[in-house]
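**Student:**
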DNA sequence: TTAGGTTATGTCATCGAGTGCCACAGTAAA
DNA sequence: TTTACTGTGGCACTCGATGACATAACCTAA
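Residue numbers (the working numbering), protein chains in the order written: chain W, 221 to 455; chain P, 221 to 455.
(1) At least one CB of chain W closer than 8 angstroms to the CB of residue 297(P): is that the case?
(2) Determine the chain P residues that contact residue 402(W) at a beta-carbon separation under 8 angstroms, and present them in chain order.
(3) Quick check: is the beta carbon of residue 363(W) nearer than 8 angstroms to any beta carbon in chain P?
(4) Provide the residue span of the alpha helix (DSSP H) that contains residue 319(W), from first to last.
(5) For residue 349(P), which of 279(P), 368(P) and 335(P) has the nearest alpha-carbon?
(6) Which residue marks the beginning of the alpha helix (DSSP H) containing residue 375(W), and which one marks its end?
(7) Please state the DSSP three-state secondary structure of residue 265(P).
(8) Provide the residue span of the alpha helix (DSSP H) that contains residue 229(W), from first to last.
(9) In chain order, what residues of the same chain have a beta carbon less than 7 angstroms from the beta carbon of residue 309(P), not counting five sequence neighbours either side?
(10) Reducing DSSP to helix, strand and coil, say where residue 285(P) ends up.
(11) Which whole-angstrom value is the C-beta distance of residue 273(P) and residue 255(P), which I expect to be below 8 angstroms?
(12) Hey, does residue 420(P) have any beta-carbon neighbour from chain W nearer than 8 angstroms?
(13) Give the residues of chain W in contact with residue 406(P), contact being defined as C-beta atoms less than 7 angstroms apart.
(14) Counting beta carbon pairs with one atom in the stretch 385–397 of chain W and one in the stretch 330–338 of chain W, are three or more of them shorter than 8 angstroms?
(15) Hey, residue 300(W) and residue 400(W) are a contact pair by Cβ (cut 8 angstroms); roughly how many whole angstroms apart?
(16) Leaving out the 5 sequence neighbours to the left and right, which residues in its chain are closer than 6 angstroms to residue 314(W) when beta-carbon positions are compared?
(17) Quick check: residue 323(P) and residue 252(P), are their CB atoms within less than 8 angstroms of each other?
(18) When the cut-off is 8 angstroms and only beta carbons count, does residue 395(W) lie next to chain P?
(19) Note down the Cα distance separating residue 354(P) from residue 351(W), rounded to an integer number of angstroms.
(20) Taking the C-alpha atoms as reference points, what is the distance between residue 326(P) and residue 363(P)?
(21) Please list, in chain order, the chain W residues whose beta carbon lies closer than 9 angstroms to that of residue 290(P).
(22) State the Cα-Cα distance for the pair residue 319(W) and residue 370(P), rounded to the nearest angstrom.
(23) Please report the distance separating the alpha-carbon of residue 227(W) from that of residue 246(W).
(24) With 16 other CB atoms within 10 Å as the buried threshold, where does residue 331(P) fall?
(25) Less than 8 angstroms between CB atoms is the rule here; does residue 235(P) satisfy it with respect to chain W?
(26) Between the alpha carbons of residue 312(W) and residue 373(W), how many angstroms are there, rounded?
(27) Determine, using beta carbons only, whether residue 410(W) comes closer than 8 angstroms to chain P.
(28) When the Cα atoms are used, what is the spatial distance from residue 270(W) to residue 357(W)?
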């Protein structure tokens, strides 16, 4: 039984390799197909375009991201969820550092590829933004859309920041840890605004008082309890 | 003396018009050129590609934005400066609402155009980010790059939010005022973090939620109740 | 095993975007 | 007028991308 060749993988590898040595524009689809041992027409059965062959995993990754978002618990903060979802994208790069770094070399040199990747990341951004819309109370949706779009853009920007740093370092270092750190910064900076806890007009922060009681308890009893706990009388 | 025709403008107009009626992919460069009364070869002397003919002003606008950034007073907050710079981009659309709306129709229908525009806006974003880097003390640059990239992404996202809203409304309404309002929100939410006044260590102010329940109630029931009352899920 | 169907691949033809090269016309300067 | 420059048209060519059709490989059921 002959081992089934991974034609798709071989085409991608040939596309990246030839583009790195000869240049992306200078490499024809014919050459890529021949290097992978298939016909030119077959190339276009695996990839929609020549650029597509350089980033073959974004489609599948986007699907995984959307699944992740849909499966996320409604109890979690939407901002935290999309910050986690960015980790799925990062993983796609991290799991094959060698290819990722080679690709990075290419995208730095070829504008067409840079724009292709920007378009790809914009799809994640859109998915993030729509997810946050969906997790929002319907009546608030319009009012919060700006915050959702900004939050999605911020998370994608933070992801790209970490990714580029890791790629510039040659694929060395703990990208996941760096992503976590970056996301912590971003979410802390944005969480309150995204949640609508700050309107920009800024009331002083309230203090949390948790009272455990029963529905039968009379009001004066609750007041008494709050007073002893907080040291002042509830207003 | 014959009035010199604005061939570039006529080509753009023909490209948008024909694409709206016949479809962008279905319209050939031949047809666009003929509609503008020039030869096919001339088209490519004015535009690098067919997509370029739909958005002919982004190149000049990006140059204006960069000039504005370089001319901005170093005394002003960089975040405020890029928020203002976004106004230059918005103005490009607003000064010709009719064309802007027609273009919007096109970008919604043609993925290639959507991606072209996303690539264009990413150039503004990059300019914003690099500007903030440049206005930063050299030693802080690395530490602040994440914040700069996030801030640039946030400003661009806010701009796009306002722009899309205005376009969906058919080019009616005071887009500039809406942009100012959106930028006020965004800058207030980000200013402290971008300036490094907060390190992200402190907690955002919490909101008071008082839950009256019984000790017997299961956790999911409480979560459900909080969600319906506050409109969002507890984290 | 064979027949029948499905899937992956190859061949061929065609369209159209984008580019290089050369020619020509109008215009301004010498 | 000659010279030089600029805008334009015509032509040919490459190559990305797609559709139509043929063929080979594989799987399944009888």
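For each residue, glycine too, the CB sits at the ideal point set by N, CA and C. Computed from a predicted model, the values in this text were never measured in an experiment.
**Tutor:** So, to answer that:
(1) Closer than 8 angstroms: no.
(2) Counting only Cβ-Cβ distances below 8 angstroms, residue 402(W) has contacts in chain P at 366, in chain order.
(3) Taking Cβ atoms only, chain P never reaches closer than 8 angstroms to residue 363(W), which makes this a no.
(4) Counting along the chain, the alpha helix (DSSP H) containing residue 319(W) begins and ends at 317–329.
(5) For the options 279(P), 368(P) and 335(P), the alpha carbon positioned closest to that of residue 349(P) is the one of 368(P).
(6) Unbroken alpha helix (DSSP H) run through residue 375(W): 361–388.
(7) Here residue 265(P) sits in helix by DSSP.
(8) Per DSSP, the continuous alpha helix (DSSP H) segment holding residue 229(W) begins and ends at 227–242.
(9) Apart from the 5 residues on each side of it in sequence, residue 309(P) sits with its Cβ closer than 7 angstroms to the Cβ of 281, 285, 344 and 379 in its chain, given in chain order.
(10) Residue 285(P) falls in the helix class under three-state DSSP.
(11) About 12 angstroms; that fails the 8 angstroms criterion.
(12) Low local confidence applies: a pLDDT of 47 at residue 420(P) is under 50, so the model's placement there is unreliable, with the coordinate-based value given in what follows. Residue 420(P) has a beta carbon lying within less than 8 angstroms of a beta carbon in chain W.
(13) In chain order, 370 make up the part of chain W whose C-beta sits under 7 angstroms from the C-beta of residue 406(P).
(14) With contact defined as three or more Cβ pairs closer than 8 angstroms, the stretch 330–338 of chain W and the stretch 385–397 of chain W are not in contact.
(15) 11 angstroms between Cβ atoms; not a contact.
(16) Counting only Cβ-Cβ distances below 6 angstroms, and skipping sequence neighbours, we find 395.
(17) No, the Cβ-Cβ distance between residue 323(P) and residue 252(P) is not below 8 angstroms.
(18) Residue 395(W) has a beta carbon lying at 8 angstroms or more from every beta carbon in chain P.
(19) Straight-line spacing of the CA atoms in residue 354(P) and residue 351(W) works out to 35 angstroms.
(20) Going from the Cα of residue 326(P) to the Cα of residue 363(P) covers about 41 angstroms.
(21) Correct list: empty, because the minimum Cβ distance to chain W is about 23 angstroms.
(22) Residue 319(W) and residue 370(P) have their alpha carbons spaced roughly 27 angstroms apart.
(23) Going from the Cα of residue 227(W) to the Cα of residue 246(W) covers about 22 angstroms.
(24) That one is exposed.
(25) With 8 angstroms as the cut-off, residue 235(P) does not count as an interface residue toward chain W.
(26) Going by the C-alpha atoms only, they are around 20 angstroms apart.
(27) For residue 410(W), the nearest CB of chain P lies under 8 angstroms from its own CB, placing it at the interface with that chain.
(28) Cα atoms of residue 270(W) and residue 357(W): separation of roughly 42 angstroms, rounded to the nearest angstrom.
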